[in-house]
Amino acid sequence: MSEKIDLSSYVLSEDEEFMNANQRAYFRAKLIAWKNDILREARETLDHLAEESANHPDLADRASSETDRAIELRARDRQRKLISKIDAALQRIEDGTYGYCEETGEPIGLKRLDARPIATLSIEAQERHERREKVYRDE
């Protein structure tokens, strides 16, 4: 089984067996790289916030700084939730369920997974889910 794969040279192919060892290694590497990027950005944000925590004597500067800080923290919270979805996808790779729709059990599709590696639903199931959500929202 391929544990390491070069993301720059491997090309996903519909001609291969779905979720073969190379594809699992590809998605594992892609997810880990994405998670590492998010963690690096989070560290940079924390460093930036620590530097910015200087007390601004001007009220407008302080308000602006607090607004920027709140926006950064909201973005980091979204990133934290994304990391948990990445971790869940990595776990699905380990347990052999990655790439299969949670609703139908059908393959999600390589193009969708490549675009959104944390996807848990096929496009069709996702569209049904969104339609149901819209119906409930509109009521």
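The sequence shown begins at 1 in UniProt numbering and counts up one residue at a time. For glycine and all other residues, C-beta sits at the position ideal for the given N, C-alpha and C.
Whole angstroms are fine: how far does the CA of residue j sit from the CA of residue i?
| i | j | result |
| --- | --- | --- |
| A21 | R92 | 14 angstroms |
| R69 | K35 | 22 angstroms |
| V135 | V11 | 39 angstroms |
| E72 | T45 | 7 angstroms |
| E94 | D58 | 53 angstroms |
| M1 | R62 | For M1, the pLDDT reaches just 42, beneath the cut-off of 50, and the residue's location in the model is therefore unreliable, although a value from the coordinates is still provided. Taking the straight line joining both Cα atoms gives about 55 angstroms. |
| S9 | R28 | 15 angstroms |
| R76 | L39 | 10 angstroms |
| D15 | K85 | 28 angstroms |
| Q79 | T67 | 18 angstroms |
Taking the alpha carbon of residue i as the reference point, which residue from the options has its own alpha carbon closest?
| i | options | result |
| --- | --- | --- |
| E102 | K35, T120, R116, E94 | T120 |
| R128 | G109, I38, K111, T104 | T104 |
| A115 | R137, S9, Y26, D47 | Y26 |
| D87 | S13, M19, A33, E17 | A33 |
How many whole angstroms separate the CB atoms of residue i and residue j, which I take to be in contact at a CB cut-off of 8 angstroms?
| i | j | result |
| --- | --- | --- |
| Y98 | R24 | 7 angstroms |
Do residue i and residue j have their C-beta atoms within less than 8 angstroms of each other?
| i | j | result |
| --- | --- | --- |
| G109 | I118 | no |
| A125 | L31 | no |
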